[in-house]
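So the sequence lines, in the order shown, correspond to chains A and B.
Numbering-wise (our numbering), the first sequence opens with residue 116 and increments by one.
Numbering-wise (our numbering), the second sequence opens with residue 187 and increments by one.
Glycine residues also receive a C-beta, built at the ideal position from the N, C-alpha and C atoms.
None of these values were measured; they are calculated from a predicted model.
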Amino acid sequence: MKKEEHIVIIGNSGAAINAVKGIRLVNDTCSITLLSQEPHHAYSPVLTTYLIGGKVTRNQMSLADEAFYQSHRTECRYRQRVISLSVPDQKIFIEDGTAIDYDKVLIATGALPNPLDCDLPRGLQVFTLRTIEDAEKIRSRMSNWKDVIFAGAGLVSTQVANALKKYLRRMIFIVGSDQILSQNLDRCASGLIQKRMETEGGTFLFNRKILRVQESQEGITVHTDQGEAITGNALIVGKGVHPNIPKIVPEGSVKVNRGIRVDRWMQTSAKGIFAAGDVCEAIDLISGEYRVTPNWPNACFQGLIAGQNMGGGEAIFEGSLAMNVTTLFGLPFASVGEVRNHSGEDRETSVYLDESRGIYKKWIFQGDRIIGAIMLGDIGENALVAEIIRRRMLIAQKKKALRAYPSKAASILSGLL
Amino acid sequence: MTTVRRKIVVDRDRCTGCKLCQIECSFVHEGGFQPSVARIRIQHREEGQSPFPLLCLHCESQECAFVCPTGARRKEVETGQVIFEENKCVHCKMCLLACPHAGPIDLQEEERLLVCDLCGGEPACIDACPKGALSLRDLRPIQNALFEKEDLLSPGLGACQGCTAEWAVRFTAQVFGPNTVVGIPPCCMAGIVGFGTSAGAKIPVVFTLLPNTAAMMAGVKHHFLRQKRDVLVVAIAGDGGTADIGLQSLSAAAERGDNIIYICYDNEAYMNTGIQRSGTTPLGSWTATTPLGEAGRGKKQMSKDLPMIMLAHNIPYMATACPSYPEDYLAKLEKAKQVKEGLVYIHILTPCQTGWQFSSEKAMEIGRLAVETNYFPLWEAVDGNVCFTKQVDFPKPIEAFTRMMGRYRHLTRQEISVLQKAVDARYQRLLALSKSVKNKGESLRAKE
Chain A
116 MKKEEHIVII
126 GNSGAAINAV
136 KGIRLVNDTC
146 SITLLSQEPH
156 HAYSPVLTTY
166 LIGGKVTRNQ
176 MSLADEAFYQ
186 SHRTECRYRQ
196 RVISLSVPDQ
206 KIFIEDGTAI
216 DYDKVLIATG
226 ALPNPLDCDL
236 PRGLQVFTLR
246 TIEDAEKIRS
256 RMSNWKDVIF
266 AGAGLVSTQV
276 ANALKKYLRR
286 MIFIVGSDQI
296 LSQNLDRCAS
306 GLIQKRMETE
316 GGTFLFNRKI
326 LRVQESQEGI
336 TVHTDQGEAI
346 TGNALIVGKG
356 VHPNIPKIVP
366 EGSVKVNRGI
376 RVDRWMQTSA
386 KGIFAAGDVC
396 EAIDLISGEY
406 RVTPNWPNAC
416 FQGLIAGQNM
426 GGGEAIFEGS
436 LAMNVTTLFG
446 LPFASVGEVR
456 NHSGEDRETS
466 VYLDESRGIY
476 KKWIFQGDRI
486 IGAIMLGDIG
496 ENALVAEIIR
506 RRMLIAQKKK
516 ALRAYPSKAA
526 SILSGLL
Chain B
187 MTTVRRKIVV
197 DRDRCTGCKL
207 CQIECSFVHE
217 GGFQPSVARI
227 RIQHREEGQS
237 PFPLLCLHCE
247 SQECAFVCPT
257 GARRKEVETG
267 QVIFEENKCV
277 HCKMCLLACP
287 HAGPIDLQEE
297 ERLLVCDLCG
307 GEPACIDACP
317 KGALSLRDLR
327 PIQNALFEKE
337 DLLSPGLGAC
347 QGCTAEWAVR
357 FTAQVFGPNT
367 VVGIPPCCMA
377 GIVGFGTSAG
387 AKIPVVFTLL
397 PNTAAMMAGV
407 KHHFLRQKRD
417 VLVVAIAGDG
427 GTADIGLQSL
437 SAAAERGDNI
447 IYICYDNEAY
457 MNTGIQRSGT
467 TPLGSWTATT
477 PLGEAGRGKK
487 QMSKDLPMIM
497 LAHNIPYMAT
507 ACPSYPEDYL
517 AKLEKAKQVK
527 EGLVYIHILT
537 PCQTGWQFSS
547 EKAMEIGRLA
557 VETNYFPLWE
567 AVDGNVCFTK
577 QVDFPKPIEA
587 FTRMMGRYRH
597 LTRQEISVLQ
607 KAVDARYQRL
617 LALSKSVKNK
627 GESLRAKE
C-alpha cells in the first residue's frame, strides 16, 4: 500500500487554517501537522485593534478550536520553533531537538512589524501591534496614557488611535512621508481623514525621521531630524510589516525576493514547499508582477489554494488584490486595487468630492478597465466595484458615464454583474 | 448527497422599485416601517432601466463567511444558507468588500450590518411584492439529480468549442443514465458514435441513417420489449435529420406509438455539412445556400414549426427546451423518462456559434434571449394539452435576439418587423392553444 503523505504547516493563522480546510477538501487520508509558535489556538489578527477598543473579547477572536483540529484530523503542536529545514532529506528540525519528516510543507509564518530604524535605549518599552499579546499589553497599560506618540500613520497606527481615542488627550503622529495612510489612499482622501482626526486630538508631523528616543518623566521623548522633541506617555510603532521569512528557508533552493516567491499554485521554486499568506510574494492581479500583498482576504484565499494543491487537487490563484476597508474616526473608507500609482500613459482617473458631506470617490482606469477605487464617507458600491476589478471586466461603455458622473457609480455599474 | 438549497430569486424585469418589500422586511425584523433598515435594498439604475432589488443571495461561494475574521458569518452546510450572528459582528466590513453581490447592508451610524436570514424559511418580502419579482426557489435540482451520476460521453467529441448541442447531448445522457441506447444519424453530434477505434460514449450507440432514425430506434425498442428488458431507447438527431429528411419515419413512429424518446437538437441549419438551409432555418437568416447579394436577403421562408407538427400527432408527452434553462430541461427529461407507452418528442434549441456567427461565450445569453423574445417559447404538452413552462410577461423585441449574431447582421428595420410579426403570430397561436385547453392534468398517458 502506498504510504500516506505527511503535510506539515508552519504557522497557525488565516493562511494555515484555510490550508487545512483546503487539504481536507480534496484529500481525506493524508496526515497534517501544524506547527505553531504561539501557545494558543489560532486567532484572528484583524481583530486585535477591536480587542484594544474593547469591542471583542479574547475568546471571540478564536479562529479555530480543538474541535476544528479534530474534525479536520490535524495535529496541532504549540510552542514549536522551527530551526531548520532540510530539503534533500525532507526533514524539519525543531528547537527541542526533534525532527519531523514531511512530504509537503507550507510556510505560512505571516509578517512581522517593521522596527523603528533608530537605536532604542535598553529596557525602554515601545509598543507595536501584531499579535494578541501586543494588544493585551497595550490594553493593560492604556489607562494611564494621555498623550501617545505614533511612529508612522499607516492602517495599524490609525486603527490603534481609533480604538484609543476615547481615552487619550493627544495623539501625535510622526510620519515619514507627507500624508497619512500613504500605502492605502491618495492625498485627498487621506487629507479628509486627517482633518477628521485633527478635530479629535490628532497632531501630525510629516516628513520627519525619528533620530532618538529617550526615557523621560512623562514616559518617552522622541527627537526628530528637524530638531523637535516630543514627549508622550507611550510610543506605538506602526511602520508597516515585512514578510516573516524564517531563517529556516534553505538558501538557494527557495527563491526569495521581498517575500517567498510563489507561482500560481502557491508553490515556491522548490518542489513540495509551498508558501501562503503575508509571507509570500504572489502574482498581482492587476499589474501581473510579483508583489507582497499583506491583507486578510488574500491570506485566506492563498491558504485555501495552497491547501488544495498540496492535497493533490488543483487550484489556481488568480492573483492578489490589494484591498482594505475600515472605519476611522467615524469615517468609513475602502480602497481596492491599484490606488497609488496613476501616472502612466493609459491611466485615467475620475474624482468626486463633496467636502460638506465628507464624501470622496475616485475611480482609476487603465484602458477600458477599472483597476483601482477609493471610496470614503459612503462605501455603498465597494463590493460591486471590487468584483468588477477582480473580474478584470472591460467596461468601455460604462467608462464614459462613470467619468462624467463619478458619484453615481452604483447605478452606472449595477447592471454589469 | 441530496440537499435542499433555497434562496430568494429576483426577477429584475418585474421590479418597479416600490419598496414594499423593504417595508415588510423592516417590520418583520426591526418592528418598524422603515425601508432604510431593511435587509433588502433597491438599486436604481440609469434612466430607462428598471430598478432591481439587491439582497444576500446565500450563494455557493460565500466569500463573506470565508473572510469573516470573527466567525459571525458561517456557512450552514445542510441548507447552504449564510448564518449571520449579529452579536459576534464587530463591523469590520470585510464581508462588504468580499461579497460580489452587494448582499450585506451597512448601517454606518449604528455600526451594524444587516443580512437576509430568509425569515427562517418563509421570507416575508416575497408575499409583499405585488409584482411577483421575488420568489423562493430550490436551487439544487441539477446538483441533486446529477451529483452521483456518471458522465456517459467521452471528452473531446469533436464539436466546436463551446457547442451547446454537445452540452445538451451530454446532459441528456447523464440524466438518462447507463440503461440507455442512443440512436443518432449523421449530424454534428455523430461524434458520440466514435472515431476509428475509439468510442465516443460509454453507452451503446446505433449509427442510423438520416431518413430512418425513428424507425430504426423503434425496432431497437421492440427488440428490448421482446426480451422483456426495460431499456430507454433514445433518438438524438439534428434539425435537418428531423424536420426534413427524417420527418416521415418520425411521424410514422409517433403515429404507431412506439415508445422511444426522440430529441431534436435544433441549430437551425445543416451545420455539420457547412451551414446549408434546413426546414427550421428562420426567415431572413443567412446560410451558405441562402446567401446575401443583390437579390438574396437570406432565407425567404419562415421556419417549419416542428413542435406544432409533433403536437398534432397527439403523443403522450412533448416539450421544447433550451440549454439556457437547464433546470427546465432537466424536469422535462425526467418526465420523458416516465413515459412507458407512446413516443416522446423534445425539441431543444441549441444556438450554434459557427452557423449563427457569434462568439462562444454568448451562447447561453442568446438562448435566453430566444426565450425572452418569444422566438422560442418554452412549453410542454401532456396528451396534447399545451402548457408554458416559462411564461414571458414582457417579451423583448426580436431585435434583441437578432442583433446578437452575424447571420442576421444584414437585416433592415423593415425585415426585422416582418420577422417580429411572424414570431408574434406563432406565439399567439400557441397562446390560444394553451388557453383553449381545459385539462391541464399532469397525468402522462403511459402511467395509467
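Decide if the stretch 232-242 of chain A is in contact with the stretch 342-351 of chain A; the criterion is three or more beta carbon pairs, one per stretch, under 8 Å apart.
A contact between stretches requires three or more CB pairs, one per stretch, nearer than 8 Å, and the stretch 232-242 of chain A meets this requirement with the stretch 342-351 of chain A.
Against chain A, does Pro-255 (chain B) count as a neighbour if the rule is that its beta carbon must be under 7 Å from one of theirs?
Chain A contact via Cβ: present.
Please decide whether Cys-285 (chain B) counts as near chain A, where near means a Cβ-Cβ distance under 7 Å.
Interface with chain A (7 Å Cβ-Cβ cutoff): Cys-285 (chain B) is included.
Closest Cβ-Cβ distance between Pro-228 (chain A) and chain B: below 7 Å?
By the rule that beta-carbons nearer than 7 Å mark a contact, Pro-228 (chain A) does not touch chain B.
In angstroms, rounded to a whole number, what distance separates the CA positions of Ala-632 (chain B) and Leu-339 (chain B)?
Since pLDDT at Ala-632 (chain B) reaches only 44, below the 50 mark, its modelled position is unreliable, and the value read off the structure follows with that caveat. Leu-339 (chain B) has its alpha-carbon roughly 29 Å from the corresponding atom of Ala-632 (chain B).
Using C-beta distances below 6 Å, list every residue in its chain close to Ala-224 (chain B), excluding the 5 sequence neighbours before and after it, in chain order.
Result list for Ala-224 (chain B): Gln-208, Cys-211 and Ser-212, in chain order.
I'd like the span of the alpha helix (DSSP H) that includes His-499 (chain B), first residue to last.
Per DSSP, His-499 (chain B) is not a residue of any alpha helix (DSSP H), being assigned neither H nor E.
On the DSSP letters alone, give me the boundaries of the alpha helix (DSSP H) that Arg-507 (chain A) sits inside.
Neither: Arg-507 (chain A) is in no alpha helix (DSSP H) and is coded neither H nor E.
Given that a residue counts as buried once 16 or more other Cβ atoms are within 10 Å of its Cβ, and exposed if not, what is Asn-560 (chain B)?
Per the 10 Å Cβ criterion, buried.
Tell me whether Met-116 (chain A) sits in a helix, a strand or coil according to DSSP, three-state version.
Because the pLDDT at Met-116 (chain A) is just 49, under 50, the model does not fix this residue reliably, and the point stays unresolved.
Assign Met-116 (chain A) to buried or exposed, taking buried as 16 or more other Cβ atoms, counted over all protein chains shown, within 10 Å of its Cβ.
Caution is warranted here: a pLDDT of 49 is assigned to Met-116 (chain A), below 50, making its placement in the model unreliable, and the coordinate value is therefore given only provisionally. The residue is exposed, with fewer than 16 neighbouring Cβ atoms inside 10 Å.
Does Tyr-475 (chain A) get closer than 7 Å to chain B when you measure Cβ to Cβ?
By this cut-off, Tyr-475 (chain A) is not an interface position.
So, with DSSP's three-state summary, where would you put Trp-478 (chain A)?
The answer is strand: DSSP assigns Trp-478 (chain A) an E or B state.
Find the nearest neighbour of Thr-408 (chain A) within the set A:Asn-322, A:Gln-382 and A:Asn-439, judged by alpha-carbon distance.
Of the listed residues, the one whose Cα sits closest to Thr-408 (chain A) is A:Asn-439.
Between Pro-365 (chain A) and chain B, is the shortest Cβ-Cβ distance under 7 Å, so that the two count as touching?
No, its Cβ sits nowhere closer than 7 Å to a Cβ of chain B.
Just tell me which of B:Thr-358, B:Val-195, B:Gly-318 and B:Glu-441 has its CA closest to the CA of Asp-337 (chain B).
Its Cα nearest to that of Asp-337 (chain B), the residue B:Thr-358 stands out among B:Thr-358, B:Val-195, B:Gly-318 and B:Glu-441.
Would Gly-355 (chain A) and Gly-269 (chain A) be called neighbours here (beta carbons separated by less than 7 Å)?
Yes, the Cβ-Cβ distance between Gly-355 (chain A) and Gly-269 (chain A) is below 7 Å.
Nearest candidate by alpha-carbon position, reference Lys-317 (chain B), set B:Thr-202, B:Met-494, B:Ser-545 and B:Lys-576
Nearest in C-alpha terms to Lys-317 (chain B), of all of B:Thr-202, B:Met-494, B:Ser-545 and B:Lys-576, is B:Thr-202.
Amino acids of chain B, ordered along the chain, whose beta-carbon sits closer than 7 Å to that of Lys-170 (chain A)
Against chain B, the beta carbon of Lys-170 (chain A) has neighbours under 7 Å at Val-276, listed in chain order.
Opposite Gln-462 (chain B) in the DSSP bridges: which residues?
Under the DSSP definition of a beta bridge, Gln-462 (chain B) partners with B:Tyr-456.
Minimum C-alpha distance to Tyr-510 (chain A) - residue among A:Glu-119, A:Ala-524 and A:Asp-301:
Sequence check: residue 510 (chain A) is Ile here, not Tyr. Across the set A:Glu-119, A:Ala-524 and A:Asp-301, the C-alpha of A:Ala-524 shows the shortest separation from the C-alpha of Ile-510 (chain A).
Going by C-alpha distance, which of B:Lys-193, B:Ala-517 and B:Asp-430 is nearest Asp-491 (chain B)?
Ranked by Cα distance from Asp-491 (chain B), the first of B:Lys-193, B:Ala-517 and B:Asp-430 is B:Asp-430.
Could you tell me which chain A residues have their CB closer than 8 Å to the CB of Lys-279 (chain B), listed as they occur along the chain?
For Lys-279 (chain B), the C-beta contacts it makes with chain A under 8 Å involve Val-440, Thr-441, Thr-442, Pro-447, Ala-449 and Ile-494, in order along the chain.
Within the chosen definition, does the stretch 572-587 of chain B reach the stretch 605-624 of chain B through at least 3 CB pairs nearer than 8 Å?
Because the criterion of three Cβ pairs below 8 Å is met, the stretch 572-587 of chain B and the stretch 605-624 of chain B touch.
Assign His-533 (chain B) to buried or exposed, taking buried as 16 or more other Cβ atoms, counted over all protein chains shown, within 10 Å of its Cβ.
Residue burial annotation: His-533 (chain B) is buried, with at least 16 other C-beta atoms found within 10 angstroms of its C-beta.
For Ile-486 (chain A) versus Gly-452 (chain A), is the C-beta distance shorter than 7 Å?
In contact: Ile-486 (chain A) and Gly-452 (chain A) (Cβ atoms closer than 7 Å).
Check whether the Cβ atoms of Ile-287 (chain A) and Ile-253 (chain A) lie closer than 7 Å to each other.
Contact: no.
Buried or exposed: Met-364 (chain B), going by 16 or more other Cβ atoms within 10 Å of its Cβ?
Residue identity check: residue 364 (chain B) is Pro in the sequence provided, not Met. Around the C-beta of Pro-364 (chain B), fewer than 16 other C-beta atoms lie within 10 Å, and the residue is accordingly described as exposed.
Measure how close the beta-carbons of Leu-619 (chain B) and Val-572 (chain B) come, nearest whole angstrom, since I'm counting them as under 8 Å.
Confirmed, Cβ separation roughly 4 Å.
Contacts around Thr-394 (chain B), its chain only, beta-carbon distance under 6 Å, and the 5 residues preceding and following it disregarded:
Cβ within range, chain order: Gly-369, Pro-371 and Met-402.
Just to confirm before moving on: does the CB-CB distance between Leu-150 (chain A) and Gln-205 (chain A) stay below 7 Å?
Contact: no.
Using only alpha-carbon positions, find the residue among B:Ile-389, B:Glu-513 and B:Trp-542 that is nearest to Gly-460 (chain B).
The option with the nearest alpha carbon to Gly-460 (chain B) is B:Trp-542.
Name, in chain order, the residues that DSSP records as bridge partners for Phe-393 (chain B).
Per DSSP, B:Ile-370.
Whose C-beta lies closer than 6 Å to the C-beta of Glu-120 (chain A) among residues of the same chain, with five residues either side of it excluded?
Answer for Glu-120 (chain A): Cys-145 and Asp-218, listed in chain order.
Selected residue, minimal CA-CA separation from Pro-228 (chain A), among A:Asn-127, A:Gly-267 and A:Arg-192:
Answer by Cα proximity: A:Gly-267.
Quick one: does Glu-272 (chain B) have its CB under 7 Å from some CB of chain A?
Not closer than 7 Å to any Cβ of chain A, the Cβ of Glu-272 (chain B) fails to qualify, so no.
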